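For this note's numbering, add 228 to where a residue sits in the sequence shown, where the first one is 1.
Cβ coordinates follow ideal geometry from the N, Cα and C atoms, glycine included.
Treat the numbers as computed from the prediction; the structure is a model and nothing was measured.
A short worksheet on the structure shown next.
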Amino acid sequence: MVLGAVTYAPITTITGLWGGPFLQDVAGLSAGQAGAVLLLLFAATVAAGYTFGLLDHYAASRRALICAAFIASAISLFTLAILKQPPVSLPSHFW
């Protein structure tokens, strides 16, 4: 419940207001490709809620699950930060 409360508003705002124009102007994607990337963003948000719900039953503790998710997020963001050209167009090749 908390994950949904703190992630839905920022993702909706970023996607709805700035996501499409940013991907079109900066990454050079077409409107359809930008829409596909943003759809995957929303799908990942929905899947994350279900995944964390299922993993909560199998994890040793919630603290361990939260720490593992934080570390995975930090590694992902660090990787994107050091890349010269982040691969934002990769998901659009599958649509």
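Here DSSP, grouped into helix, strand and coil, assigns residue 233 to helix. Pairing residue 251 with residue 266 gives a Cβ-Cβ distance under 9 Å. Residue 247 counts as buried, since at least 16 other C-beta atoms from the protein chains shown sit within 10 angstroms of its C-beta. Per DSSP, residue 305 is one residue of the alpha helix (DSSP H) stretching across 290-310.
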